[in-house]
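I have placed the structure first, in the form of structure tokens, so that the comments after it can refer back to it.
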Amino acid sequence: MVNFPQVNLDLDLRDGLCFGCGKKNTIGLKLDFQRDDGGVSTQYTPDRLHQGWPGILHGGIIACLLDEAMSCAAHFTGADCLTARMEVEIKRPAPIDASYIITGTITRQTRKLIETEASLTMADGTLMATARAKQFVVGKPAKKNGALSQNDQR
Numbered sequence: 109m110v111n112f113p114q115v116n117l118d119l120d121l122r123d124g125l126c127f128g129c130g131k132k133n134t135i136g137l138k139l140d141f142q143r144d145d146g147g148v149s150t151q152y153t154p155d156r157l158h159q160g161w162p163g164i165l166h167g168g169i170i171a172c173l174l175d176e177a178m179s180c181a182a183h184f185t186g187a188d189c190l191t192a193r194m195e196v197e198i199k200r201p202a203p204i205d206a207s208y209i210i211t212g213t214i215t216r217q218t219r220k221l222i223e224t225e226a227s228l229t230m231a232d233g234t235l236m237a238t239a240r241a242k243q244f245v246v247g248k249p250a251k252k253n254g255a256l257s258q259n260d261q262r
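In terms of my numbering, the sequence shown opens at residue 109 and continues consecutively.
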């Protein structure tokens, strides 16, 4: 039998300080995901402050973008989750002077675990990075297929 971690989370996100989606976080990414075709997506244009090597988006920011997409997809099931494991594959360097589309989808879910995938593509469809993750459900149980209304936002 697997022992899942016991975590007490403050689930009140109204302070707006999430690094990925918080609108009040002055150094955050301010991502705004929308539901579409069984998943979530958003557009993102990097700031020079998010570079690693000059002119190239930092790999940690790429991982954060993908993690946020997968977390948001899981959140739309109604579950409160924490990323337990994530694997990122950067296909090519991402220039900071471009716009990107980030998508996230659920690939499998059980009562206590949600598996997700995400991608980072350029506006022309060029694939820049992908990720897969497993997320522990730590709050209310997930609804199959993310069956929530479109008014449910993080």
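C-beta: ideal position from N, C-alpha, C; glycine also. Note that this is a predicted model, so its numbers are computed, not measured.
The C-alpha of MET178 is placed about 20 Å away from the C-alpha of ARG200. Cα atoms of ASP145 and ASP205: separation of roughly 28 Å, rounded to the nearest angstrom. Annotated three-state conformation of SER207 is coil, per DSSP.
DSSP lists GLN243 as the beta-bridge partner residues of THR191. In its chain, beyond the 5 residues on either side, GLY128, LEU139 have a beta carbon closer than 6 Å to the beta carbon of GLU176.
By alpha-carbon distance to ALA239, the top candidate from SER207, ILE170, GLY233, ILE222 is ILE170. DSSP, reduced to helix, strand and coil, places ASP144 within a strand of the structure shown.
Taking 9 Å as the cut-off, the Cβ atoms of ALA226 and ILE210 count as close. With a cutoff of 9 Å on beta-carbon distance, THR213 and THR229 are scored as not near each other.
If you check the CB distance, ILE198 and ALA237 come in under 9 Å. For ALA226, the enclosing beta strand (DSSP E) begins and ends at 221-230.
Following the DSSP letters along the chain, one finds ILE170 inside the alpha helix (DSSP H) bounded by residues 167-183. Taking 9 Å as the cut-off, the beta carbon of PRO154 is found closer than this to the beta carbon of ALA202. With respect to LEU165, ILE135 sits apart: the two C-beta atoms are not nearer than 9 Å.
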